[in-house]
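Read in order, the letters of the sequence shown are residues 8 to 104 in my numbering.
For every residue, glycine included, the Cβ atom is placed at its ideal position computed from N, Cα and C.
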Amino acid sequence: MAKKVPLRQCVGCGEMKGKKEMLRVLKTVEGHICLDATGKKNGRGAYLCKQEDCLLKARKNRGLERSFKMSIPDEVYDDLEKEFAALKKEFEKFEAK
Ligand SMILES: [Zn+2]
Numbered sequence: 008m009a010k011k012v013p014l015r016q017c018v019g020c021g022e023m024k025g026k027k028e029m030l031r032v033l034k035t036v037e038g039h040i041c042l043d044a045t046g047k048k049n050g051r052g053a054y055l056c057k058q059e060d061c062l063l064k065a066r067k068n069r070g071l072e073r074s075f076k077m078s079i080p081d082e083v084y085d086d087l088e089k090e091f092a093a094l095k096k097e098f099e100k101f102e103a104k
């Protein structure tokens with residue numbers, strides 16, 4: 008029997024996927040928004056597919072703003088995009104193994 012995997016909804020495309028297939032976006036207690044590659048940091052989380060497209064969609068549809076109930080300045084999205092690009096390289100390395 009397959010274990011039941013709790014699903015998370017992507018704030019970009021709205022698809023439901025297992026936690027491990029997604030990337031956690033974290034709002035820290037200080038109100039800082041960052042990517043949480045380990046999924047273990049404290050704070051409020053939102054989830055994105057591991058695709059840049061979904062980050063771009065989340066920026067457009069303000070999905071992250073809705074989940075965090077705050078306004079997110081452009082430079083935060085720019086930082087997220089940079090972090091995302093760096094992480095993507097890590098995923099590719101990991102998946103190539
Ligand atoms: Zn998505």
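Let me check understanding here. Comparing Cα to Cα, which of the options lies closest to residue i?
i	options	result
residue 84	32, 16 and 12	32
residue 44	37, 38, 54 and 36	54
residue 46	25, 100 and 99	25
residue 88	78, 75, 50 and 30	30
Between which residues of its own chain and residue i is the CB-CB distance below 7 Å, once the five residues before and five after are set aside?
i	result
residue 20	56, 61 and 64
residue 97	none
Consult DSSP for residue i and reduce its assignment to one of helix, strand or coil.
i	result
residue 36	coil
residue 61	helix
residue 52	strand
residue 26	helix
residue 69	coil
Please report the straight-line C-alpha distance between residue i and residue j, rounded to a whole angstrom.
i	j	result
residue 2	residue 66	In this structure the chain extends from 8 to 104, so residue 2 is not present and cannot be described.
residue 40	residue 34	5 Å
residue 42	residue 13	20 Å
Which residues in the same chain as residue i place their Cβ atom closer than 6 Å to its Cβ, once the five residues preceding and following it in sequence are excluded?
i	result
residue 69	none
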